[in-house]
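Scroll down for the structure; my scribbles are underneath it.
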């Protein structure tokens, strides 16, 4: 119904190229009716499964929720001491941040600018209110695309790092500085955050809830930003991602459930083959992202992109050293798995980690020595190649490794291997992200890890003119506040109804049935 042209009797005709106000209102009304029907259907479906405020006590009790925790006392109760905790909440979340924001501009005010129109006396520069408004207008009106920009949903996958420096040196080497994330940690942190989010509910853990809420609070608001955004905006949420990953690793170390163990193995196997899969679907990915909308005729999205593979003696030596290191490490893990031990003691696990760490350190030393000793003698040069063919060839050994990870049996060795993989990634990638001298022919091996890393692969951004700024008295703002209030009420009411039947059931089960009267 939303797509049907509608009108209101007596309304003014639509202007050419415009939208009838009556049509917009009616379409919005039908759209809200449709959303209401979907919401009602979801509430009905959840009630059938024993969830939500519409669930009957019998169905809700069937889920066997644990008993509710005792009510908070003292300072932890919002109404304690005439609402003093609520007042302190307002001070902490509103007044203190505002004061810190103002104080951070003290050096700017010392340059001759003003905090207010009349203070400090004698200053004639810009006021803080004007500066803040100009900053907001800049970000609200910015519509220019950027080759290194990326949307919010691309950040967890590390699809588009931002290059800050790239240059060549006189010694046949090159250096680069960019904010690429650790692909091992970032990709595995995605299921880890999902695990933490679920367990914060299942285990009634405020600590886990804080980790999950803090991450999503830092990340999801960027979904509403329509100017060009960059991956470094994501870094405020990365600490919480790493906390979630650490929690998942600890869960694996101390004995995971069958579902958690399966989640970890599937996620690790997908991360191993993920880069090659992205290369294989490079062309469909270009169409889905709409690279041509911002970079018409992008070289990253042609069937055979122009490029050159140059294999030098130094590069061959480095690749061979890394290949041998991978074989040695895999052999160590396989040998340990064939020992027949179903459980591993902490001392044995620590020795396994030490061996893996020594292997990684030896690999780093060997790579440094080969990079300094071997010359840049060209062994082979290929002009123009299909990256999908290379990805398919590499998918075979990576697929074998992914299958080995998918069928792993020892969760502790898996956790140790995950930590080692993250450290190894850091050791291998550190020279190329910190401006250190790397063989010039070896630089592309780093920057071609994902097809989206390529400079011609660009994400489109909104280029429509900025509209008028909303006001606090606008209808849009009122709808937003109303929706927020309704959401809070529904969540609070749902939490109350979810807890009550489970608590009653637990109390009934805890008391033995007395004799019949």
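In our numbering, the protein residues as written are 3 to 519.
We treat Cβ as the ideally placed atom computed from N, Cα and C, and that holds for glycine.
In this text the structure is predicted, and so the values were computed from the model without any measurement.
Uninterrupted beta strand (DSSP E) stretches at least 3 residues long and entirely within the stretch 268–337 occur at 310–314, given in chain order.
With respect to the 8 Å criterion, residue 153 and residue 182 are not classified as neighbours on the basis of their beta carbons. Setting aside the 5 residues that flank it on each side, residue 302 is surrounded in the same chain by 456, 458, 459, each with a C-beta closer than 6 Å to its C-beta; the list follows chain order.
By the C-beta criterion, the stretch 172–186 is judged to be in contact with the stretch 441–451, since at least 3 inter-stretch pairs fall below 8 Å.
Shown here for residue 288: same chain residues with a beta carbon closer than 6 Å to its own, the five before and five after excluded, namely 303 in chain order. Residue 390 and residue 268 have their C-alpha atoms spaced approximately 24 Å apart. One thing to note: residue 397 has its Cβ within 8 Å of the Cβ of residue 275. Here DSSP, grouped into helix, strand and coil, assigns residue 376 to coil. Secondary structure at residue 460: coil, using DSSP grouped into helix, strand and coil. If you look at residue 85, you'll find it in the alpha helix (DSSP H) that goes 82–92. Your pair residue 198 and residue 216 does not check out as a contact, with CB atoms roughly 11 Å apart and the cut at 8 Å.
For residue 134, the enclosing alpha helix (DSSP H) has its first and last residue at 130–143.
Between the stretch 256–267 and the stretch 371–381, the count of Cβ pairs shorter than 8 Å is below three; the stretches do not touch. For residue 401, the enclosing alpha helix (DSSP H) starts and ends at 389–408.
Counting of Cβ neighbours within 10 angstroms places residue 234 among the exposed residues, the total staying below 16. Judged by DSSP in its simplified three-state form, residue 264 adopts helix. When secondary structure is reduced to three states using DSSP, residue 416 falls in the helix class. The closest CA to that of residue 428, considering only 78, 120, 186, 108, is found on 186.
The straight-line gap separating the alpha-carbon atoms of residue 50 and residue 495 is approximately 18 Å. C-alpha of residue 224 to C-alpha of residue 98: approximately 24 Å in a straight line. Remark: C-beta atoms of residue 292 and residue 462 approach each other more closely than 8 Å. Comparing alpha-carbon positions, the option among 432, 226, 248 lying closest to residue 141 turns out to be 226.
Contact between residue 431 and residue 448 holds: their C-beta atoms lie close to 7 Å from each other, under 8 Å.
Checking the DSSP bridge columns, you'll see residue 233 has no partner listed. Closest in C-alpha terms to residue 228, from the list 273, 418, 110, 469, comes 469. Shown here for residue 170: same chain residues with a beta carbon closer than 7 Å to its own, the five before and five after excluded, namely 176, 442 in chain order. Here residue 136 is exposed: its Cβ has fewer than 16 other Cβ atoms, across all protein chains shown, within 10 Å. With a beta-carbon spacing of about 31 Å, residue 489 and residue 145 fall beyond the 8 Å limit used to define contacts.
At a Cβ-Cβ threshold of 8 Å, residue 158 and residue 188 count as neighbours. Distance from residue 148 to residue 230 at the Cβ level is roughly 5 Å; contact confirmed, criterion being Cβ atoms closer than 8 Å. Here the alpha carbons of residue 150 and residue 424 stand approximately 25 Å from one another. Looking only at 238, 221, 155, 247, the smallest Cα-Cα distance to residue 191 is reached by 247. Around the CB of residue 253, 16 or more other CB atoms lie within 10 Å, so the residue is classed as buried. Residues 327 of the same chain have their beta carbon placed closer than 6 Å to that of residue 365, with the five preceding and five following residues left out of the count. As the crow flies, the alpha-carbon of residue 92 is around 15 Å from that of residue 79.
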